[in-house]
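Visitor: My structure is below; once you've seen it, I'll send some questions.
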Amino acid sequence: MPELPEVETTARILKTVLVGKTITSIEIFSKKQFPNDPKLIIGSKITDVDRRAKILVIYLDNNYLLITHLKLTGQLVFAGPGRSTRIVFRFADRSALFFNDLRKFGWIKILKKSQFNIDTFDNLGIEPLSNKFTQNALINIFGKTRRAVKVVLMDQKLIAGIGNIYANEALFLAKINPQRPANSLLEKEIIALKKAIIKVLKDGIKYQGTSADDDAYIKPDGSKGSNQNYLLVYQKAGQKCPNCQKIIKRTTIGGRGTFFCPSCQK
DNA sequence: CTGCGGTCCTGAAGGC
DNA sequence: TGCCTTCAGGACCGCA
7 MPELPEVETT ARILKTVLVG KTITSIEIFS KKQFPNDPKL IIGSKITDVD
57 RRAKILVIYL DNNYLLITHL KLTGQLVFAG PGRSTRIVFR FADRSALFFN
107 DLRKFGWIKI LKKSQFNIDT FDNLGIEPLS NKFTQNALIN IFGKTRRAVK
157 VVLMDQKLIA GIGNIYANEA LFLAKINPQR PANSLLEKEI IALKKAIIKV
207 LKDGIKYQGT SADDDAYIKP DGSKGSNQNY LLVYQKAGQK CPNCQKIIKR
257 TTIGGRGTFF CPSCQK
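The following block contains the structure:
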């Protein structure tokens, strides 16, 4: 599933390819996933591509911009269409961008630039790779709630961009049990967790995202990322912990599959 | 405040 | 072989 590293990878690639292109037509096969009037942006030129949390932002040279959330199975790719193609953008140079989404949870919206502020949009929380992601900020966030630390990590209104894969991996690296109440974390554990979050996200970007077996994420050119080769616990229930060799367990926290080593993560 | 369950959606997997 | 049920999951919403 596309999380911060996957959306960041996609945004960086799209930026190098799409900037300067003029949108000549938009084909919509799933209206609910593109609820606005495409005429608003026909003829506009793409000026920049950026990311906020798991949201990709495409800036245009008129009064509008596009934002898209890939959710579970969304893809933005250059080749197509395919069986799950829901929206197609065609450009003046005859190239195209295909929005594929098997489960149809993702969306693309047109917003007025005057109504969009990338920092305050949708009450999203701190970007974990920004300088606002400080030890004090985390102490503040975790100290306020007794919810499970994993649920807090994935709460987009608090910390923005972490999904199930990277939450599992970060908690393993920090040796913290995902079920722990957030406000039970010691300061040294918060420091370790902060470091772990930054490491798993930066590695995720370095390896251009996680394309797990049942994962829909691929890069715009259709190729896979390679971070799945470096995962330590995600989807590894029944396998040996790379740290202590005991068996990795799967449980459900906040309704989501959670992978951890009961021996290492206390 | 918190946890839980339902909603959206589709294909894979399991049961018989 | 084939039908039917169950499940996964990001974000959001209503309920207790």
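For the first sequence, this note's numbering assigns the number 7 to the initial residue and increments by one for each residue that follows. Even for Gly, the Cβ is constructed at its ideal location relative to N, Cα and C.
1) Output the residue ranges of the beta strand (DSSP E) runs that lie fully inside the region 59-121 and measure 3 residues or longer, sorted by chain position.
2) What does the alpha-carbon distance come out to for the pair Lys77 and Tyr70?
3) What is the rounded straight-line gap between the Cα of Lys4 and the Cα of Arg153?
4) Tell me which same chain residues have a C-beta within less than 7 Å of the C-beta of Arg96, skipping the five on either side of it?
5) If we require 3 or more residues per run, which beta strand (DSSP E) segments fall completely within the region 148-215?
6) Gly215: buried (16+ other C-beta within 10 angstroms of its C-beta) or exposed?
7) If Ala198 and Val155 are in contact, beta carbons under 8 Å, what's the gap, nearest whole angstrom?
8) Buried or exposed: Cys250, going by 16 or more other Cβ atoms within 10 Å of its Cβ?
9) To the nearest angstrom, how far is the alpha carbon of Pro11 from that of Asp43?
10) May I have the straight-line CA-CA distance separating Lys110 from Val94, to the nearest angstrom?
11) Should Ala98 be labelled buried (16 or more other beta-carbon atoms within 10 Å of its own) or exposed?
12) Just curious, the beta strand (DSSP E) that Lys255 is in, first and last residue?
13) Can you round the beta-carbon distance between Ala173 and Leu191 to whole angstroms, since I take them to be within the 8 Å contact cut?
14) Do Ala218 and Glu133 have their C-beta atoms within less than 9 Å of each other?
15) Beta strand (DSSP E) containing Ile32: first to last residue?
16) Measuring alpha carbon to alpha carbon, tell me which of Phe139, Phe265 and Gly49 ends up nearest Lys181.
17) What would DSSP say about Ile145, mapped onto helix, strand or coil?
18) By the three-class DSSP mapping on this structure, what secondary structure does Asp128 have?
19) Among the candidates Thr79, Gln234 and Leu46, whose CA atom is the shortest distance from the CA of Ser90?
20) How long is the line joining the alpha carbons of Leu237 and Leu66, rounded to whole angstroms?
21) How should Gln39 be labelled, buried or exposed, when 16 other C-beta atoms within 10 angstroms of its C-beta is the threshold for buried?
22) Phe1 to Lys115, Cα distance in whole Å?
23) Between Ile47, Val157, Ser120 and Ile171, which lies nearest to Asn235 when the distance is taken from Cα to Cα?
Guide: Taking the structure as given:
1) 61-66, 70-75, 80-83, 91-97, 102-107 and 113-118
2) Within the first sequence, residue 77 is the residue found at index 71, counting from 1. Within the first sequence, residue 70 is the residue found at index 64, counting from 1. When rounded, the distance between both Cα atoms is 22 Å.
3) Past the edges of the chain, shown from 7 to 272, lies residue 4, and the structure says nothing about it.
4) In the first sequence, residue 96 corresponds to position 90, counting from 1. Same-chain partners within the cutoff: Thr30, Ser31 and Ala102.
5) none
6) Taking the first sequence and counting its residues from 1, the one referred to as residue 215 is at position 209. Flag for Gly215 reads buried.
7) As a first step, residue 198 is located in the first sequence; it is residue number 192 there, counting from the start. As a first step, residue 155 is located in the first sequence; it is residue number 149 there, counting from the start. The Cβ separation is near 12 Å, so there is no contact.
8) Position 244 of the first sequence, counted from the start, is the residue given in the question as residue 250. By the neighbour-count rule (16 or more Cβ atoms within 10 Å), Cys250 is not buried but exposed.
9) By 1-based counting over the first sequence, the position of residue 11 is 5. By 1-based counting over the first sequence, the position of residue 43 is 37. Roughly 30 Å separates the two Cα atoms.
10) Position 104 of the first sequence holds residue 110. Position 88 of the first sequence holds residue 94. Straight-line Cα distance between these residues: approximately 14 Å.
11) For the purposes of this step, residue 98 is identified with residue 92 of the first sequence, where counting begins at 1. Ala98 comes out exposed.
12) Within the first sequence, the letter at position 249 stands for residue 255. Taken as a continuous stretch (DSSP letters only), the beta strand (DSSP E) holding Lys255 covers Lys255 to Ile259.
13) As a working note, residue 173 is residue 167 in the first sequence. As a working note, residue 191 is residue 185 in the first sequence. The pair is not a contact, with the Cβ atoms about 14 Å apart (cut-off 8 Å).
14) Here residue 218 refers to the residue found at position 212 when the first sequence is read from its first residue. Here residue 133 refers to the residue found at position 127 when the first sequence is read from its first residue. No, the pair does not count as a contact, with Cβ atoms beyond the cut-off.
15) Against the first sequence, residue 32 aligns to sequence position 26. From DSSP, the beta strand (DSSP E) with Ile32 extends over Ile29 to Ile34.
16) Within the first sequence, the letter at position 175 stands for residue 181. That would be Phe265, whose Cα lies nearest to the Cα of Lys181.
17) To locate residue 145, count along the first sequence from 1; it is residue 139. In this structure, Ile145 counts as helix in the three-state DSSP scheme.
18) As a first step, residue 128 must be located in the first sequence, where it is residue number 122. If DSSP states are grouped into helix, strand and coil, Asp128 belongs with the helices.
19) The residue given as residue 90 occupies position 84 in the first sequence. Per the Cα distances, Thr79.
20) Translated into positions along the first sequence, residue 237 becomes position 231. Translated into positions along the first sequence, residue 66 becomes position 60. Answer to the nearest angstrom: the Cα atoms are 37 Å apart.
21) Position 33 of the first sequence holds residue 39. Buried is the call here.
22) Residue 1 lies beyond the residue range present for the chain, which begins at 7 and ends at 272; the question has no answer from this structure.
23) For the purposes of this step, residue 235 is taken as the residue at position 229 of the first sequence. Comparing Cα-Cα distances from Asn235 to each of Ile47, Val157, Ser120 and Ile171, the minimum goes to Ile171.
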